[in-house]
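Take a look at the structure set out below.
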Amino acid sequence: MQRTSWLVAGLLIVLMAVVVYSSLQIGGVRCEVCIQFQGREACRSVDGATEAEALSAATTNACALLTSGVTNMLACERTPPRLAECRPQ
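Residue numbering for the sequence shown follows the working numbering, starting at 1016 and increasing by one per position.
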């Protein structure tokens, strides 16, 4: 019984280390997006593994500040950004 407890504790420590390590990884690309929607503007920067991922996340974050509701969120995300810049990390 005690051997099983040590094995489970060891596995939990390894799992926690993997989660912490993967969450601290810096993305390969940093993108900044500024969106104007319904007379308001918001800018957000996001790190991501790819440029497409970072642009999408930055757009979603900026739109979350500008809208409420699913319909407006979708409309905002389809709005061309006023600024969209990406650079490698």
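Just so you know, even glycine gets a beta-carbon here, dropped at the ideal spot from N, CA and C.
(request) Report yes or no: do three or more beta-carbon pairs, one from the segment 1068-1076 and one from the segment 1084-1101, lie closer than 8 angstroms? (result) Counting Cβ pairs under 8 angstroms, three or more are found: they touch.
(request) Let me know if T1082 comes out buried or exposed under the rule of 16 or more other beta-carbons within 10 Å of its beta-carbon. (result) Within the sequence shown, numbered from 1, the residue matching residue 1082 stands at position 67. So T1082 counts as buried.
(message) Rounded to whole angstroms, what is the Cα-Cα separation between R1045 and L1039?
(response) Within the sequence shown, the letter at position 30 stands for residue 1045. Within the sequence shown, the letter at position 24 stands for residue 1039. R1045 and L1039: Cα-Cα distance of roughly 15 angstroms.
(message) On the DSSP letters alone, give me the boundaries of the beta strand (DSSP E) that L1070 sits inside.
(response) Within the sequence shown, the letter at position 55 stands for residue 1070. Where L1070 is concerned, there is no enclosing beta strand (DSSP E), although the alpha helix (DSSP H) around it starts and stops at E1066 to L1081.
(message) Which residue wins for smallest C-alpha separation from E1047, given the options V1034, G1054, S1020 and A1069?
(response) Mapped onto the sequence shown, residue 1047 falls at position 32. Nearest of V1034, G1054, S1020 and A1069 to E1047, Cα basis: A1069.
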